[in-house]
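A.B. asks: Quick note on our numbering: the sequence shown kicks off at 8 and runs consecutively.
C-beta: ideal position from N, C-alpha, C; glycine also.
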Amino acid sequence: MVVQHLAQNPNIISKTTHQHTRQQHSLSIELKELVIQFYQRDDITYQLPGKRDYVTVTDDNGESMTLQKRILLYNIRETYQLFVNEYSNKNVDLSLTSFNELRPVNKNVDLFPRLKGQGLET
8 MVVQHLAQNP NIISKTTHQH TRQQHSLSIE LKELVIQFYQ RDDITYQLPG KRDYVTVTDD
68 NGESMTLQKR ILLYNIRETY QLFVNEYSNK NVDLSLTSFN ELRPVNKNVD LFPRLKGQGL
128 ET
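Encoded structure:
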């Protein structure tokens, strides 16, 4: 920006008249529901068995509801790759950031998913 401004002062280059506009596409409701259903699957998340393993959330209507906590069995990037591979035939256009933002509140990311089951628990 600074170099461009300095070059425009003595009229070395012409001033830009067109500003880049960013296109924003909202995600469809069907795609959002597909991602949420994907997060609910037992091969993607593990439901915690404890009595205290609940999260209370409020929905759009203001009503509170309790949900059992679940832990992702993979990290976000691996889960995203599984989602993309499974739904590649439906031409799903979803970024990793959007996929992460659609993660439900009761889904926790396990910090060490690969260590569990190998006798290396911390």
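With H, G and I counted as helix, E and B as strand and the rest as coil, what does DSSP make of ILE78?
C.D. replies: In this structure, ILE78 counts as strand in the three-state DSSP scheme.
A.B. asks: Would you grab the beta carbon distance between LEU109 and LYS58 for me? Rounded to a whole angstrom, and I think it's under 8 Å.
C.D. replies: Not a contact, Cβ separation roughly 28 Å.
A.B. asks: With DSSP as the reference, identify every bridge partner of GLN26, one or two as the case may be.
C.D. replies: According to DSSP, which records beta bridges pairwise, GLN26 is partnered with nothing at all.
A.B. asks: For GLN54, list the residues DSSP reports as bridge partners.
C.D. replies: ARG77.
A.B. asks: Within a Cβ cutoff of 8 Å, which residues of the same chain sit near MET72, ignoring the five residues on either side of it in sequence?
C.D. replies: Here the set comprises THR63, VAL64, THR65, ASP66.
A.B. asks: Between the C-alpha atoms of ILE43 and THR52, what's the straight-line distance to the nearest angstrom?
C.D. replies: About 12 Å.
A.B. asks: If you run the structure through DSSP and keep just helix, strand and coil, what is TYR61?
C.D. replies: DSSP places TYR61 in strand when its eight states are reduced to three.
A.B. asks: Would you report the Cα separation of ARG77 and PRO111, rounded to the nearest angstrom?
C.D. replies: Whole-angstrom Cα-Cα distance: 10 Å.
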